[in-house]
Amino acid sequence: MGKQYDAIIIGTGQAGPTLATRLSNAGMSVAVIERHLFGGTCVNTGCIPTKAMVASAYAAHLARRARDFGVAIDGDVRVDMKSVKARKDAISERSRSGVEKMLRGLPNCDVYTGHARLRSAREVTVGDQVLTADRIFLNVGGRAAVPAMPGLNEVPFLTNTSMLELDAAPPHLVIVGGSYVGLEFGQMFRRFGSEVTIVEMAPRLVQREDPEISSAIQDLLTSEGISLRVNARCIRLSGRAGAIVAHVDCQDGSPAVEGTHLLLAVGRQPNTDDLGLDAAGVSRDERGYIAVNDRLETNVPGIWALGDCNGKGAFTHTAYNDYEIVAANLLDGESRSVTDRIQAYALYTDPPLGRAGMTETEAQRSGRTILVGKRPMSRVGRAIEKGETTGLMKVVVDANSREILGAAVLGTGGDEVIHCVLDTMYAKVPYTVLQRAMHVHPTVAELIPTILQELAPPAS
Ligand SMILES: Cc1cc2nc3c(=O)[nH]c(=O)nc-3n(C[C@H](O)[C@H](O)[C@H](O)COP(=O)(O)OP(=O)(O)OC[C@H]3O[C@@H](n4cnc5c(N)ncnc54)[C@H](O)[C@@H]3O)c2cc1C
4 MGKQYDAIII GTGQAGPTLA TRLSNAGMSV AVIERHLFGG TCVNTGCIPT KAMVASAYAA
64 HLARRARDFG VAIDGDVRVD MKSVKARKDA ISERSRSGVE KMLRGLPNCD VYTGHARLRS
124 AREVTVGDQV LTADRIFLNV GGRAAVPAMP GLNEVPFLTN TSMLELDAAP PHLVIVGGSY
184 VGLEFGQMFR RFGSEVTIVE MAPRLVQRED PEISSAIQDL LTSEGISLRV NARCIRLSGR
244 AGAIVAHVDC QDGSPAVEGT HLLLAVGRQP NTDDLGLDAA GVSRDERGYI AVNDRLETNV
304 PGIWALGDCN GKGAFTHTAY NDYEIVAANL LDGESRSVTD RIQAYALYTD PPLGRAGMTE
364 TEAQRSGRTI LVGKRPMSRV GRAIEKGETT GLMKVVVDAN SREILGAAVL GTGGDEVIHC
424 VLDTMYAKVP YTVLQRAMHV HPTVAELIPT ILQELAPPAS
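Numbering (my numbering), first residue to last: 4 to 463.
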């Protein structure tokens, strides 16, 4: 018989550590198990390091544009990749050690390091120890997907994890995958000095967005000298370290893209294949995600799945929101559901894209009568003053209920501005409340009420 706890948490990503704190504060004994780096993907190989590097890339970009602002820089602007990496590592390390220290300092909480597996619905093994609890929380996250692409096992390739170890910019980075991870790395390494080619199988980048958003992002990237190859239906890889060839069957351009390094950015897969789910009787869906209901309970009573591994979200804020839902239901007597949340995320290109709710395409497909308001960033005073006029904003409204259905802000500050729309959506009030709000001048957000005064039926 192993050590008994009130709760076992597997994984220290974006839900586990805060859940451990709540459970420990509620007087429960808790075991937390982490097999690799405390803080998980966001802290070590995801949001935090990439956004630290996006900030370095922005600094380089702005320095190169210094003359536009009347600032003279004598000599070339050079990027010192070793320093970029050191800065990024220090920011991640601060966060990682903060999570570990916090967990190790919790009362009633034991921290185990090692790979955890379910042995039954109440037992977890870690190394040669067996831990038991009536409540088990799975927060095991995911990793870069490596699909069976012809030739892939014959060429060296990078993922989001190994990209972060580079301390020199690749001469020519070929990125397979034109969505969030691929675009963020693509733009930042272009600004660090690499030649960059992004290869995407679909007809356009970031397919889930409206075509005009995809096209504005496409223009933004090409304006910085990034080559794009969309419609790359049959991708085949060959070559060796330093000389990679991506064979792409596109409508336009040469059938081969040659580069020095290859980044694979084609999605994520959950860490559920070696978790002992079968031994505990926990069901997965066909893509490997742990099946949960709207309260994030698995089919086995007493076992929950939170964060990326349940397939209900793929972001830090969705994982954290999962923690809030589970903790509120378990400890506060509430009845919260994952269906209460509104989709929201950002793409951290520069300028960033902030998104909330439905796209215009989704709203139209839902059969609603909609109204749309738009404004290019070239007509936003704050953007003009900052010299950052790329992008556009749009808000989609239900013409009958007058509720906001969704919004996209591709432009300077878009990741922050989106929240005034998102919070109005959560308040479930008519768009006129936001339309009549007095916003601060000069800001990007001050134009959201103006856009709502100019709503019109969609163009087609
Ligand atoms: C390049 C990149 C950039 C990103 N940028 C953003 C962004 O800007 N904003 C955003 O919201 N999201 C971003 N994300 C997504 C975000 O990182 C994830 O959605 C988030 O980290 C998911 O958190 P999680 O708690 O589900 O799992 P994770 O953070 O993945 O943590 C899971 C933890 O469980 C551990 N573990 C797994 N299996 C076991 C086991 N069997 N035993 C013990 N421990 C185990 C792992 O080691 C890991 O520490 C990005 C992701 C990537 C890859």
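Using N, Cα and C, we set each Cβ at its ideal position, and we do this for glycine too.
Length of the line joining the Cα atoms of I247 and P258: 14 Å
Would you check if the distance between the CB atom of Q438 and the CB atom of P452 is smaller than 8 Å? yes
So which of R271, D9, R90 and V202 has the shortest CA-CA distance to Q254? V202
Coil, strand or helix - A172 by DSSP: coil
Within the continuous alpha helix (DSSP H) that includes T319, where are the two ends? T319 to L334
Against chain C, with Cβ distances strictly below 8 Å, would I451 count as a contact? The structure shown contains no chain C, having only a single protein chain.
Say whether the region 347–367 touches the region 415–428, bearing in mind that this needs 3 or more beta-carbon pairs closer than 8 Å, one atom from each stretch. yes
Quick check on DSSP: helix, strand or coil for A294? coil
Can you tell me whether C112 sits near ligand 1, meaning its C-beta is under 7 Å from at least one heavy atom of the ligand? no
I think V129 touches I12, with their Cβ atoms under 8 Å apart; what is that distance to the nearest whole Å? Actually they do not touch by this definition, with Cβ atoms about 12 Å apart.
Quick check: the Cα distance between A148 and T301, rounded to an integer number of angstroms? 24 Å
4-residue-minimum alpha helix (DSSP H) runs that sit fully inside the region 405–446, ordered along the chain: 417–430 and 434–438
T128, DSSP secondary structure in three states: strand
Out of T435, C112 and P174, which one is the CA nearest neighbour of L266? P174
My output table needs one value for Q367: the three-state DSSP class, helix, strand or coil. helix
In three-state terms, what does DSSP make of C237? coil
Would you list, in sequence order, the uninterrupted beta strand (DSSP E) runs of no fewer than 3 residues that lie entirely inside the region 9–96? 33–37
For ligand 1, any of its heavy atoms closer than 7 Å to the Cβ of G262? no
How is Q272 classed by DSSP in three states: helix, strand or coil? strand
V398, enclosing beta strand (DSSP E) - first and last residue: L395 to D401
In angstroms with no decimal places, state the Cα-to-Cα distance between R125 and A283. 8 Å
Based on DSSP bridge pairs, tell me the residues matched to E198. H175
Y115 by DSSP, collapsed to three states: which one? strand
beta-carbon L40 near ligand 1 non-hydrogen atom, thresh 7 Å: yes
Does the beta-carbon of Y429 have 16 or more other beta-carbons within 10 angstroms, so that it is buried, or is it exposed? exposed
Report yes or no: do three or more beta-carbon pairs, one from the region 158–165 and one from the region 316–333, lie closer than 8 Å? no
Any idea if C237 is buried or exposed, counting beta-carbon neighbours within 10 angstroms, 16 or more meaning buried? exposed
In its own chain, which residues sit with a C-beta less than 6 Å from the C-beta of T263, not counting the 5 before and 5 after it? P173, P174, H175 and G245
Under 8 Å, with one C-beta from each stretch per pair, do the region 185–197 and the region 50–61 reach the 3-pair mark? yes
Examine ligand 1 and report whether any of its heavy atoms sits within less than 7 Å of the Cβ of H320. yes
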